[in-house]
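Student: Before anything else, here's the structure in question.
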Amino acid sequence: MENRHQHASNEPLQPHQRHHPHHFAAREIRQDMDDRRSHHWKSTDTIDSQSTPTNSIRPSAMAPKLMKMIRVEAPLLREIMAEFLGTFILVLFGDASVAQSKLSNEANGDFFSINWGWAVGVMMGVLVAGGVSGAHLNPAVTLAMACAGRIALIKVFFYWLAQYLGAFAAAASVLGVYSDAIQYASNGTLTMNNELNDPGLAGIFATYPAHWLSVAGGLGDQILGTMLLLLCICAITDKKNTQIPSALVPMYVGFTILGIGVCFGANCGYALNPARDLSPRLISLIAGWDQSFSWNNYNWFWIPIVGPHIGAILGVFIYIAFVEAHWPEDGDEVVPMTVPRANFNKERGEKIQNMDMESVMAGVWVAGGVSGAHLNPAMSFALACIGRFQWRKLPVYWTAQYIGAFAASSCVFAVYLEAIYYFTGGQFVMTEDDPGFAAVFAPYPSAYLSTTGAIIDSVVGSALLLLCACAIVDQQNCRVPLSLFALYMGFLIMALGISFSMNCGVPVNPARDLSPRLFTYLVGWGPQVFSYDNWMWFWIPLVIPHFGATLGAFIYIIFIEAHWPK
26 MENRHQHASN
36 EPLQPHQRHH
46 PHHFAAREIR
56 QDMDDRRSHH
66 WKSTDTIDSQ
76 STPTNSIRPS
86 AMAPKLMKMI
96 RVEAPLLREI
106 MAEFLGTFIL
116 VLFGDASVAQ
126 SKLSNEANGD
136 FFSINWGWAV
146 GVMMGVLVAG
156 GVSGAHLNPA
166 VTLAMACAGR
176 IALIKVFFYW
186 LAQYLGAFAA
196 AASVLGVYSD
206 AIQYASNGTL
216 TMNNELNDPG
226 LAGIFATYPA
236 HWLSVAGGLG
246 DQILGTMLLL
256 LCICAITDKK
266 NTQIPSALVP
276 MYVGFTILGI
286 GVCFGANCGY
296 ALNPARDLSP
306 RLISLIAGWD
316 QSFSWNNYNW
326 FWIPIVGPHI
336 GAILGVFIYI
346 AFVEAHWPED
356 GDEVVPMTVP
366 RANFNKERGE
376 KIQNMDMESV
386 MAGVWVAGGV
396 SGAHLNPAMS
406 FALACIGRFQ
416 WRKLPVYWTA
426 QYIGAFAASS
436 CVFAVYLEAI
446 YYFTGGQFVM
456 TEDDPGFAAV
466 FAPYPSAYLS
476 TTGAIIDSVV
486 GSALLLLCAC
496 AIVDQQNCRV
506 PLSLFALYMG
516 FLIMALGISF
526 SMNCGVPVNP
536 ARDLSPRLFT
546 YLVGWGPQVF
556 SYDNWMWFWI
566 PLVIPHFGAT
576 LGAFIYIIFI
586 EAHWPK
């Protein structure tokens with residue numbers, strides 16, 4: 026197997042055979058280690074196949090004899106070592122972030138610091154193992170890659186062994202580091218209360234379900250979360266898509282984990298990774314939390330093991346079916362997604378957002394190299410108005426965008442159905458001043474906001490979005506590489522949310538608003554989702570962004586783009 030393949034992380038993917046026309050393995054971090062086995066550690070060589078700065082540290086220069094003694098020649102053993110160490114780093118950062126939050130009663134950490142701990146753990150794990158094994162760091166990823174023919178089946182067991190052992194060692198290390206704090210916080214009694222649904226400090230190591238979550242709900246949560254993870258990783262590592270360089274793969278996979286954690290962590294802590302859950306759970310059992318496996322009458326511990334394997338396989342094959350299988354054959358030209366001054370990309374378009382930073386980044390990763398990743402009817406309309414997108418494609422793009430948003434709303438509803446019923450008592454109600462849980466799906470205006478104010482808000486937000494998006498993709502401006510488009514777009518959406526969300530939730534994307542609103546109407550909130558504010562609200566996020574987006578595109582052309590040298 027080519028060991029320098031794809032970096033997937035706690036959830037990365039590992040492609041395989043290079044001759045496969047649509048494999049992820051064509052995206053290697055560097056040259057295959059086996060190709061340079063005979064000279065890799067000679068003093069005249071550097072660690073990478075590319076030239077390294079003269080002041081870089083060369084292992085062979087430090088201790089050539091020692092390096093020769095410890096060097097492993099067997100590719101599979103090197104991959105096993107990398108998977109062990111990468112998974113160790115991932116779980117060490119992640120579990121320690123949970124420990125610091127729980128043991129300090131959130132004085133030294135909270136929900137967001139935990140998500141960042143796991144995200145950075147994934148980044149660092151992929152950086153460590155990516156160039157050797159592809160950095161699966163997750164048994165579900167390994168199984169999915171094997172099912173897709175991207176790794177030899179015979180290697181699955183060895184990768185799994187390394188991953189589970191790495192996670193076990195990491196959890197043991199966290200237990201050692203925080204043993205005094207655990208003893209202090211628990212008074213030496215490691216208790217779990219199933220009746221009160223309180224796993225106590227055992228939650229440092231493994232995931233446990235919220236009290237509203239059923240077995241079916243937990244299984245669905247894990248399947249959907251891992252499916253989304255693998256789908257995004259496939260896009261990140263697909264060199265025929267947005268051409269993300271190897272150096273950025275760890276960061277982008279980490280952002281994917283961050284996004285999933287922020288969006289899907291409430292039900293059961295987004296395990297997504299059987300090794301990350303089972304091995305630390307075993308550590309907690311050994312340490313003294315005797316209900317670690319029997320929790321919920323043995324109806325929980327197996328869910329973070331089974332669900333991620335199913336979801337990972339689904340995610341890989343969904344990406345293949347919707348994107349990868351349709352690339353031109355090797356040797357054929359792949360139309361780039363860049364947008365030069367004179368041609369914004371007549372066959373593609375631009376990229377734009379949904380709402381939240383991570384969701385936009387993920388959407389651009391997946392669709393950017395195929396469609397330009399508009400993801401927004403207002404974006405498609407604006408590009409058509411300025412001649413950068415064909416009008417005949419507009420109905421097709423709009424249909425895809427609205428259906429995609431509707432499908433996403435149904436997935437969110439399914440994942441959080443039990444939580445919604447728990448908090449609402451099954452009564453999907455809205456009042457004149459409070460849309461209640463309907464606001465989970467579509468934005469509603471603040472009580473003080475007038476119709477005129479809402480229109481101005483939507484125009485300014487949409488115009489700013491398009492203006493900045495035009496700058497990001499203009500290759501005669503700052504020449505942002507294609508691989509960074511998603512990152513810049515994600516930060517742009519985050520800034521819009523930070524700066525303009527107070528009035529009415531940044532209504533800049535009609536699909537992100539209308540489809541979820543229609544979904545809430547169908548599932549029980551009724552016509553009030555449209556009649557809210559005397560019918561003076563719902564049409565604003567649907568209509569106004571088209572005008573704002575077009576305005577923003579023309580502003581960029583008038584002030585910047587039209588004046589580039591010919």
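Taking our numbering, the leading residue of the sequence shown gets 26, the next gets one more, and so forth.
Backbone N, C-alpha and C define an ideal beta-carbon position, used for all residues, glycine too.
1) Would you please state the rounded distance, in angstroms, between the beta carbons of Ile565 and Ile480? I believe it to be under 8 Å.
2) Tell me, please, whether the segment 246 to 257 touches the segment 489 to 502 by the rule of three or more beta-carbon pairs shorter than 8 Å.
3) DSSP three-state call for Asn401: helix, strand or coil?
4) List, from N- to C-terminal side, the alpha helix (DSSP H) runs of 4 residues or more that fit wholly inside the segment 153 to 239.
5) DSSP three-state call for Asp499: helix, strand or coil?
6) Which word fits Ser126, buried or exposed, when buried means at least 16 other C-beta atoms lie within 10 angstroms of its C-beta?
7) Could you spell out where the alpha helix (DSSP H) holding Phe347 opens and where it closes?
8) Label Cys257 either buried or exposed according to how many other C-beta atoms from any shown protein chain fall within 10 Å of its C-beta, with 16 as the threshold for buried.
9) If you draw a straight line from the alpha carbon of Ala99 to that of Pro570, how long is it in whole angstroms?
10) Compute the distance between the beta-carbons of Arg542 and Phe555, then report whether it is under 8 Å.
11) So Val145 and Gly279 are in contact, right, with Cβ under 8 Å, and what is the actual spacing, rounded?
12) What does the Cβ neighbour count give for Asp60, buried or exposed, with the cut at 16 atoms within 10 Å?
13) Roughly how many whole angstroms lie between the Cα atoms of Phe118 and Leu200?
14) From Tyr546 to Ala463, what does the alpha carbon distance come to, in whole angstroms?
15) Buried or exposed, going by whether 16 or more other CB atoms sit within 10 Å of the CB of Lys591?
16) Gly290 by DSSP, collapsed to three states: which one?
17) Leaving aside the five residues before and after Pro460 along the sequence, list all residues of the same chain whose C-beta is less than 7 Å from its C-beta, in chain order.
18) Measuring alpha carbon to alpha carbon, tell me which residue in Val341, Tyr295 and Pro305 is nearest Asp612.
19) If we count the other Cβ atoms within 10 Å of its Cβ and call it buried at 16 or more, is Ser239 buried or exposed?
20) With a threshold of 7 Å on Cβ separation, who are the neighbours of Ala472 within its own chain once the five nearest residues in sequence on each side are excluded?
21) Can you tell me which of Ser487, Ala403, Ser434 and Ala432 puts its alpha carbon nearest to the alpha carbon of Tyr422?
22) Would a C-beta distance cut-off of 8 Å place Leu297 and Gln247 closer than the cut-off?
23) Which full runs of the beta strand (DSSP E) of 3+ residues lie inside the segment 475 to 527, going along the chain?
24) Buried or exposed for Ser129, going by 16 or more other Cβ atoms inside 10 Å?
25) If I measure Cβ to Cβ from Tyr344 and keep anything under 7 Å in the same chain, skipping five residues before and after, which residues do I get?
26) Could you tell me the distance, in whole angstroms, from the CA atom of Leu400 to the CA atom of Ala467?
27) Can you find a heavy atom of the ligand FMN that lies under 7 Å from the Cβ of Ala444?
28) Note down, in chain order, each residue of its chain lying with its Cβ closer than 7 Å to the Cβ of Gly150, except the 5 sequence neighbours on either side.
29) What would DSSP say about Gly636, mapped onto helix, strand or coil?
30) Checking 8 Å against the spacing of the C-beta atoms, do Pro305 and Phe182 come in under that value?
31) Is Ala235 near Ala291, with beta carbons less than 8 Å apart?
32) Which residue comes first and which comes last in the alpha helix (DSSP H) that contains Met106?
33) Where do the N-terminal and C-terminal ends of the alpha helix (DSSP H) with Ala312 fall, by residue?
34) Near Leu567, which residues of its chain fall below 7 Å by C-beta distance, leaving aside the five closest residues on each side in sequence?
Tutor: To lay it out plainly:
1) For the purposes of this step, residue 565 is taken as residue 540 along the sequence shown, with counting starting at 1. For the purposes of this step, residue 480 is taken as residue 455 along the sequence shown, with counting starting at 1. Ile565 to Ile480, Cβ: 6 Å. Contact.
2) Fewer than three pairs of CB atoms, one per stretch, sit closer than 8 Å, so the segment 246 to 257 makes no contact with the segment 489 to 502.
3) Mapped onto the sequence shown, residue 401 falls at position 376. DSSP places Asn401 outside both helix and strand once states are collapsed to three, so it counts as coil.
4) 164 to 172, 178 to 202 and 204 to 211
5) For the purposes of this step, residue 499 is identified with residue 474 of the sequence shown, where counting begins at 1. Strand.
6) As a position in the sequence shown, residue 126 is number 101, starting the count at 1. Looking at its Cβ environment, which holds 16 or more other Cβ atoms inside 10 Å, Ser126 is buried.
7) Numbered from 1 along the sequence shown, position 322 holds the residue referred to as residue 347. It spans Ile328 to Phe347 - the alpha helix (DSSP H) in which Phe347 sits, taken as one unbroken run.
8) Locating residue 257 in the sequence shown gives position 232, counting from the first residue. The residue is buried, with at least 16 neighbouring Cβ atoms inside 10 Å.
9) Here residue 99 is taken as the residue at index 74 of the sequence shown, counted from 1. Here residue 570 is taken as the residue at index 545 of the sequence shown, counted from 1. Cα-Cα distance, rounded: 58 Å.
10) As a position in the sequence shown, residue 542 is number 517, starting the count at 1. As a position in the sequence shown, residue 555 is number 530, starting the count at 1. Yes.
11) Along the sequence shown, one-based indexing puts residue 145 at 120. Along the sequence shown, one-based indexing puts residue 279 at 254. Yes, Val145 and Gly279 are in contact; Cβ-Cβ is about 6 Å, under 8 Å.
12) Position 35 of the sequence shown, counting from 1, holds the residue named residue 60. Residue placement at Asp60 cannot be trusted, given a pLDDT of 43 that sits under 50; what the coordinates show is reported in the next sentence. Exposed, by the Cβ-count rule.
13) Against the sequence shown, residue 118 aligns to sequence position 93. Against the sequence shown, residue 200 aligns to sequence position 175. Using only the alpha carbons, I get a separation of about 13 Å.
14) Position 521 of the sequence shown, counted from the start, is the residue given in the question as residue 546. Position 438 of the sequence shown, counted from the start, is the residue given in the question as residue 463. Whole-angstrom Cα-Cα distance: 9 Å.
15) Mapped onto the sequence shown, residue 591 falls at position 566. That one is exposed.
16) The residue you call residue 290 lines up with position 265 of the sequence shown. Of the three classes helix, strand and coil, the one that applies to Gly290 here is coil, per DSSP.
17) One-based indexing of the sequence shown puts residue 460 at position 435. Result list for Pro460: Tyr469 and Tyr557, in chain order.
18) The displayed coordinates of the chain run from 26 to 591. Any statement about residue 612 would go beyond what the structure contains.
19) One-based indexing of the sequence shown puts residue 239 at position 214. Exposed, by the Cβ-count rule.
20) Here residue 472 refers to the residue found at position 447 when the sequence shown is read from its first residue. Hits under 7 Å: Asp458.
21) Residue numbering aside, residue 422 sits at position 397 when the sequence shown is read from its first letter. The option with the nearest alpha carbon to Tyr422 is Ala403.
22) Position 272 of the sequence shown, counting from 1, holds the residue named residue 297. Position 222 of the sequence shown, counting from 1, holds the residue named residue 247. Taking 8 Å as the Cβ cut-off, Leu297 and Gln247 qualify as a contacting pair.
23) none
24) The residue given as residue 129 occupies position 104 in the sequence shown. Classification of Ser129: exposed, given that the 10 Å Cβ count is below 16.
25) Your numbering for residue 344 matches position 319 in the sequence shown. Cβ neighbours of Tyr344 beyond the five flanking positions: Leu256, Cys259 and Ala260.
26) As a position in the sequence shown, residue 400 is number 375, starting the count at 1. As a position in the sequence shown, residue 467 is number 442, starting the count at 1. Answer to the nearest angstrom: the Cα atoms are 16 Å apart.
27) The ligand FMN is absent from the structure shown, which contains no ligand whatsoever.
28) Here the question's residue 150 lines up with position 125 in the sequence shown. Excluding residues within five positions, the ones whose Cβ falls inside 7 Å are Ser34, Asn35, Gly111, Thr112, Ile114, Leu115, Ala160 and Leu162.
29) Nothing about residue 636 can be reported from this structure: the residues present for the chain run from 26 to 591 only.
30) The residue you call residue 305 lines up with position 280 of the sequence shown. The residue you call residue 182 lines up with position 157 of the sequence shown. Contact flag unset, no.
31) Taking the first residue of the sequence shown as position 1, residue 235 is located at position 210. Taking the first residue of the sequence shown as position 1, residue 291 is located at position 266. Yes.
32) In the sequence shown, the residue the question calls residue 106 occupies position 81. Pro100 to Leu128 is the extent of the alpha helix (DSSP H) around Met106.
33) Translated into the one-based positions of the sequence shown, residue 312 becomes position 287. Ala312 -> alpha helix (DSSP H) spans Pro299 to Ala312.
34) Translated into the one-based positions of the sequence shown, residue 567 becomes position 542. Closer than 7 Å at Cβ, skipping near neighbours: Pro535, Asp538 and Leu539.
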